[in-house]
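Here is the structure we will look at, set down as structure tokens.
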Amino acid sequence: MTDSLSTADAARGPDDVARRLAEEALIVDVDGFEGPLDLLLTLARTQKVDLRRISVLQMAEQYLGFVERAKALRIELAADYLVMAAWLAFLKSRLLLPPDPSDEGPSGEELAAHLAFQLERLSAMREAAAQLMARDQLGRDRFRRGLPEETVRSRRVSYTATLLDLMQGYARIRTRDSFRPFVMDRDRVFTMEEALERMRGLIGYAGDWTTLDAWLPEGWHDDPVRRRSATAANFAASLELTKQGKLEIRQSETFAPIEVRRKERLS
Amino acid sequence: MTDETTTEVDTPRESLFEAPPLAEQERMIEAMLFASAEPLSLPEMAARMPHGCDPAEALVLLRRRYEGRGVNVVRAGDRWAIRTASDLGFLMRQEAVETRRLSRAAIETLAIVAYHQPVTRAEIEEIRGVAVSKGTVDQLIEMGWLKLGRRRMTPGRPVTFVTTTEFLDHFGLESARDLPGLAELRAAGLLESRPPGAFGTSVAEGEEEAEGDIDQSEMFDE
Amino acid sequence: MTDETTTEVDTPRESLFEAPPLAEQERMIEAMLFASAEPLSLPEMAARMPHGCDPAEALVLLRRRYEGRGVNVVRAGDRWAIRTASDLGFLMRQEAVETRRLSRAAIETLAIVAYHQPVTRAEIEEIRGVAVSKGTVDQLIEMGWLKLGRRRMTPGRPVTFVTTTEFLDHFGLESARDLPGLAELRAAGLLESRPPGAFGTSVAEGEEEAEGDIDQSEMFDE
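Residue numbers (my numbering), protein chains in the order written: chain A, 1090 to 1356; chain B, 21 to 242; chain C, 21 to 242.
In structure tokens, the structure reads:
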């Protein structure tokens, strides 16, 4: 594309050189554009004709050239610029090829007309915005009463709230749960830290072999979930204490009760 | 509007007191409009006046009285206010309030809502060709220039945005119909969703188009 | 006072520009007195006006013009202001209402009723996650924003609450159905940022409209 375009450019003389320079400048400014439509509008203006008479084909070529050069200069273009490029390439083929009678979709001319319309509408809105802002504005050119006399004398209280308050209030309630810090439901979990802490305190009294079951804390025997959690924690804690040399642990056979006792110090 | 007031005030016609003379009513309206920083509606004025008063009639007199003066009686939608004449703005530099500078996106969004109202977010985006950032509409609502309009009766029932009385007051417009260039834009078909006499089927940008179609025709069917 | 002004204004008499006509000066004073937040002295007015103006003379005219009107030009010490005519003070009294912001609890309660009506007290409490004080609902009813709906046909036949026309008026809504859904609130930037996925999957992009619908139909199931 670049090649074919630039050869074409070269053939067309100094006007096109100027145009190319302008396009290079566009690439430098790409951050200044509010999306592809904005850029297209700028390109359309280079044709210096009524927006209704612009050559969409020429504009499409300019845009595609712009995208190609941006690529060559390794400038990252946002995705919507590339989407527009793809669409313009499609439009261009539609405009250049003879219409396919079996095709149901809008013709190339119709698509081009719509694009031209969009540009004209955007341009018109910008102009309207400028006219609006150029009006005499309150607080700048026209003024309200500086000393309003709405003195507060009666006792009647009127409460005010804005729609924004209302919506934000609702939003606050409906999203409250999602802001709750993540906490695990722990009332049925006995942690190894808790088990360690507890066993360290009780270890001194365990001179004889006792089954691990007997070490379960008060209230953790009956509910199976709690019992399982406490047993696991106690078992892990006893392994840890054994490793530290504070406890001895034994099991006579597979699935037999596990027993522990204090490790006697060789004093 | 006049009707509204009269019906409201009609019943007490059997009141013991006669309505004050028109000149007196004019004085009352003058006092109320001078005292209030915000525009007042006719019903609001009527509610504060003695029974039997017709603020609409007195307002016509008052408005004429202030023509060409240093302050004028101006209309903003269905409300009225006294504002300084705009050619005297230079005297009030002390009073000038530093208004928040609006971004280009905000200014364009405001204009699009003003000229196309009621308009949905999708329609604003379709016209600008870019997504409307979250803060933009929010900022304009907070400034009191935009508010929610009725929902569009299309799939998804999107909310629409419209301009407020404050917007009219700020830009010195009697009504949204007085927006600069509105008639020309409409005549040129630039307030429609597609070029005049265009094909009906959906195009390039896709999905919203079809929906936009319904929206727009609904919108300008008045 | 007049002396003071003339001395101050005397020097620029050699100015290139002629002073504006007296009628124009009167307009200027009128605008300044209207817009100023404080009464103005003659030197203050002169300082703002073009060279060669004599506010004292124009002020005499303006003062005479407002004699017997709804507002008058009055003197306070050596300063001047526009004030409501004393016989019309009664018009200002009605406006003298103290406005207070609604409490957060009240706003939240109101919002829940608006979005979920008809809704019972128990349901409000469930959604807010805290008990609703009787005072809050009473206050909203007294303000005319809530009223009793029909009783729910469930055990205990609890009363429900719904919003009123006054509520719609105050918030500028056509109907309670015009209230934006959560997805729209978020799109408008009204929801503070939220941890991704915290809502579960169903709500992610905008389907909570649908979810809201379910809530509604549940609630409206009479």
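By construction, the Cβ of each residue, glycine as well, lies at the ideal position given by its N, Cα and C atoms.
Measure the Cβ-Cβ separation of residue i and residue j and say whether it is below 7 Å.
i, j, result
"V1145 (chain A)", "L1204 (chain A)", "yes"
"A67 (chain C)", "L42 (chain C)", "no"
"G164 (chain C)", "T180 (chain C)", "no"
"A1250 (chain A)", "I102 (chain C)", "no"
"L82 (chain C)", "V93 (chain C)", "yes"
"G90 (chain B)", "R47 (chain C)", "yes"
"T156 (chain C)", "T119 (chain C)", "no"
"R1277 (chain A)", "V1314 (chain A)", "yes"
"T174 (chain B)", "R1231 (chain A)", "no"
"E1329 (chain A)", "R1339 (chain A)", "no"
"R1351 (chain A)", "I1262 (chain A)", "no"
"L210 (chain B)", "A1260 (chain A)", "no"
"V152 (chain B)", "G1228 (chain A)", "no"
Which value, in whole angstroms, describes the spacing of the CA atoms of residue i and residue j?
i, j, result
"T1131 (chain A)", "E204 (chain B)", "23 Å"
"A57 (chain C)", "A134 (chain B)", "32 Å"
"L62 (chain C)", "R1234 (chain A)", "19 Å"
"H190 (chain B)", "Q1226 (chain A)", "5 Å"
"S1327 (chain A)", "I147 (chain C)", "47 Å"
"A131 (chain B)", "Q137 (chain B)", "10 Å"
"T221 (chain B)", "R171 (chain B)", "Because the pLDDT at T221 (chain B) is just 38, under 50, the model does not fix this residue reliably, and the point stays unresolved."
"E225 (chain B)", "L1128 (chain A)", "Low per-residue confidence applies at E225 (chain B): pLDDT is 39, beneath 50, and the placement is therefore not dependable, though the value from the model is reported in the following sentence. Distance between the alpha carbons of E225 (chain B) and L1128 (chain A): 17 Å."
"D107 (chain B)", "A1107 (chain A)", "45 Å"
"L1200 (chain A)", "A207 (chain C)", "31 Å"
"G149 (chain C)", "A142 (chain C)", "10 Å"
"G1296 (chain A)", "A1321 (chain A)", "22 Å"
"A60 (chain B)", "A1174 (chain A)", "Ala is not the amino acid found at residue 60 (chain B); the sequence shown has Leu there. Cα-Cα distance, rounded: 53 Å."
"F1344 (chain A)", "G176 (chain C)", "56 Å"
Tell me which residue opens and which closes the beta strand (DSSP E) that residue i is part of.
i, result
"A96 (chain B)", "91-96"
"A208 (chain B)", "No beta strand (DSSP E) contains A208 (chain B), which DSSP labels as neither H nor E."
"L1328 (chain A)", "Not the beta strand (DSSP E): L1328 (chain A) falls in the alpha helix (DSSP H), residues 1313-1332."
"A1348 (chain A)", "Just to set this straight, residue 1348 (chain A) is Glu in the shown sequence, not Ala. Unbroken beta strand (DSSP E) run through E1348 (chain A): 1347-1351."
"R99 (chain C)", "99-104"
"Q1340 (chain A)", "1336-1340"
Closest Cβ-Cβ distance between residue i and chain C: below 7 Å?
i, result
"G1235 (chain A)", "yes"
"L1204 (chain A)", "no"
"G1228 (chain A)", "no"
"I1262 (chain A)", "yes"
"F1279 (chain A)", "no"
"T1343 (chain A)", "no"
"D1254 (chain A)", "yes"
"A1250 (chain A)", "yes"
Anything in chain B within Cβ reach of residue i, meaning under 9 Å, just list it in chain order.
i, result
"E1238 (chain A)", "A51, F54, A55, S56"
"D74 (chain C)", "Near D74 (chain C) there are no residues of chain B at all, since even the closest Cβ is about 15 Å away, more than 9 Å."
Along the chain, where does the alpha helix (DSSP H) that runs through residue i open and close?
i, result
"A57 (chain B)", "Looking at the DSSP string, A57 (chain B) is not in any alpha helix (DSSP H), and its letter there is neither H nor E."
"Q159 (chain B)", "154-162"
"V182 (chain C)", "Counting along the chain, V182 (chain C) falls outside any alpha helix (DSSP H), though it belongs to the beta strand (DSSP E) covering 180-183."
"K167 (chain B)", "No alpha helix (DSSP H) holds K167 (chain B); the beta strand (DSSP E) holding it covers 166-168."
"E146 (chain C)", "141-148"
Nearest chain A C-beta to residue i closer than 7 Å, yes or no?
i, result
"L60 (chain C)", "no"
"P184 (chain C)", "This sequence places Thr at residue 184 (chain C); Pro is not what is there. T184 (chain C) does not count as touching chain A."
"T119 (chain C)", "yes"
"Y1 (chain C)", "The structure shown has nothing for residue 1 (chain C), since chain C only spans 21 to 242."
"F187 (chain C)", "no"
"P215 (chain B)", "yes"
Residues of chain A with CB closer than 9 Å to the CB of residue i, please, in chain order.
i, result
"R148 (chain B)", "E1123, G1124, L1126, D1127, L1211, M1214"
List, in order along the chain, the chain B residues whose C-beta lies closer than 7 Å to that of residue i?
i, result
"M48 (chain C)", "G90, L108, L111"
"E194 (chain C)", "R170"
"F1232 (chain A)", "R103, T104, M112, E115"
So, does the CB of residue i fall closer than 7 Å to a CB anywhere in chain B?
i, result
"R1141 (chain A)", "no"
"D198 (chain C)", "yes"
"R1224 (chain A)", "yes"
"Q1041 (chain A)", "With chain A covering only 1090 through 1356, there is no way to say anything about residue 1041 (chain A)."
"Q1220 (chain A)", "yes"
"A1217 (chain A)", "yes"
Going along chain A, which residues have a C-beta under 7 Å from residue i?
i, result
"P175 (chain C)", "Here the premise fails: no neighbours, minimum Cβ distance about 26 Å."
Check the Cβ of residue i against every Cβ in chain C and list those closer than 8 Å, keeping chain order.
i, result
"G1258 (chain A)", "R124, I127, E128, L130, A131"
Which chain A residues are close to residue i, counting only those with a beta carbon under 8 Å from its beta carbon?
i, result
"M65 (chain C)", "None at all; the shortest Cβ gap to chain A is about 14 Å."
"G97 (chain B)", "Near G97 (chain B) there are no residues of chain A at all, since even the closest Cβ is about 14 Å away, more than 8 Å."
"H71 (chain B)", "The premise fails here: H71 (chain B) is roughly 20 Å from chain A at the closest Cβ pair, so nothing lies under 8 Å."
Using a Cβ-Cβ cut-off of 7 Å, state whether residue i counts as contacting chain F.
i, result
"V179 (chain B)", "Checking the listed chains, one finds no chain F in this structure; the protein chains it contains are A, B and C."
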